[in-house]
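Its first residue numbered 3, the sequence shown is counted upward by one per residue in our numbering.
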Amino acid sequence: MPEPRPVPVEFVRDHTRPGRPSLVPEVTLHVAADVVALWEAIEQERGVAPTEPPFWAAAWPGGQALARFVLDTPGAVAGRSVLDLGSGSGLVAVAAALAGAARVVASEIDPFGHAAIAVNAEANGVAPVTVVGDVLGERPPSVDVVLAGDVCYDREMSERVLPWVEAARAQGAEVLLGDPGRPYVPAARLERVATFDVPDTEGPQVRRTTVWRLP
3 MPEPRPVPVE FVRDHTRPGR PSLVPEVTLH VAADVVALWE AIEQERGVAP TEPPFWAAAW
63 PGGQALARFV LDTPGAVAGR SVLDLGSGSG LVAVAAALAG AARVVASEID PFGHAAIAVN
123 AEANGVAPVT VVGDVLGERP PSVDVVLAGD VCYDREMSER VLPWVEAARA QGAEVLLGDP
183 GRPYVPAARL ERVATFDVPD TEGPQVRRTT VWRLP
């Protein structure tokens, strides 16, 4: 299957608005002002209806918690190489760069996410983030830290992610997961390192969100 053509960064700038995630106000993030309008714009850009929601156009709770953690605990990433798995908007990658990571790579499968990561890195004055596609079918790269926010959102994805992050841990990487209590996260096998209440993006509720370490 051929690689999808790149998305121009102007698309992200034209169809999102800059905001500041509630838990991470230090970071500027381009998010959807109107998700329905964004879906329609994606369909017009690609000539076909999207099959997945624009995950890259929102600040998900697990990503916010991870970003908050690395900004509050810069020693977790400073001077180290970091992979942001399932990067989406690039929020966690940007936070790692702001916290002093020596090198940041973002893994994201959506071409629109690739463009969003570039836009958000520029908006926050950090160096361009290297973006790669799906890495879960490959051996984990040689990095010091793997950050993974909101990656265990369903059973199928969890069954792909968990063996991969375990392999990364076996190679010596520190692995941190951010998640708002989804049932697919094997909490009994993980170490809790931080907990945050993340305001819901679509209401007054908050979501108790945990940063977990793979021991």
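Cβ atoms here follow ideal geometry from the backbone N, Cα and C, with glycine treated the same way.
Computed from a prediction, not measured in an experiment: that's the story for all the values here.
From the options, pick the residue whose C-alpha is nearest to that of residue i; which is it?
i           : options              : result
residue 104 : 129, 110, 93 and 52  : 129
residue 175 : 87, 6, 58 and 16     : 87
residue 85  : 57, 28, 143 and 100  : 143
residue 161 : 170, 187 and 171     : 187
residue 48  : 192, 13, 170 and 135 : 13
residue 206 : 24, 11 and 123       : 24
residue 32  : 217, 54, 58 and 83   : 58
residue 155 : 195, 168, 98 and 185 : 185
residue 166 : 189, 146 and 141     : 141
residue 29  : 36, 168 and 121      : 121
residue 56  : 109, 34 and 100      : 34
residue 8   : 75, 116 and 100      : 116
residue 197 : 208, 163 and 212     : 212
residue 189 : 208, 209 and 164     : 164
Counting along the chain, where does the beta strand (DSSP E) carrying residue i start and finish?
i           : result
residue 191 : No beta strand (DSSP E) holds residue 191; DSSP gives it neither H nor E.
residue 21  : 19–21
residue 150 : 147–151
Name the DSSP bridge partner or partners of residue i?
i           : result
residue 214 : 179 and 194
residue 83  : 105
residue 165 : Bridge partners of residue 165: none, in fact.
residue 36  : Paired residues: none, contrary to the question.
Note down the Cα distance separating residue i from residue j, rounded to an integer number of angstroms.
i           : j           : result
residue 138 : residue 79  : 22 Å
residue 158 : residue 113 : 21 Å
residue 19  : residue 126 : 14 Å
residue 199 : residue 69  : 13 Å
residue 73  : residue 26  : 9 Å
residue 173 : residue 77  : 20 Å
residue 91  : residue 118 : 6 Å
residue 98  : residue 50  : 34 Å
residue 111 : residue 96  : 18 Å
residue 3   : residue 136 : Residue confidence is low: residue 3 scores 45 on pLDDT, short of 50, so the model does not pin down where it sits. Its coordinate-derived value is still stated next. If I take the Cα positions, the gap works out to 14 Å.
residue 54  : residue 21  : 23 Å
residue 134 : residue 192 : 27 Å
residue 123 : residue 93  : 9 Å
residue 195 : residue 46  : 43 Å
residue 202 : residue 214 : 20 Å
residue 81  : residue 102 : 6 Å
residue 15  : residue 106 : 22 Å
residue 216 : residue 71  : 15 Å
residue 11  : residue 83  : 25 Å
residue 6   : residue 168 : 30 Å
residue 171 : residue 177 : 6 Å
residue 44  : residue 60  : 15 Å
residue 132 : residue 109 : 9 Å
residue 100 : residue 52  : 32 Å
residue 145 : residue 75  : 18 Å
Between which two residues does the alpha helix (DSSP H) containing residue i stretch?
i           : result
residue 220 : Nothing about residue 220 can be read from this structure; the chain reaches only from 3 to 217.
residue 100 : 93–100
residue 131 : Residue 131 -> no alpha helix (DSSP H), and no H or E assigned at all.
Segment contact, 8 Å Cβ cut-off, at least three pairs: the region 38–47 with the region 147–158: no
Inter-stretch contact (C-beta, 8 Å, three-pair minimum) for the region 167–187 and the region 53–65: With a cut-off of 8 Å, the region 53–65 and the region 167–187 count as touching, because enough Cβ pairs lie within range.
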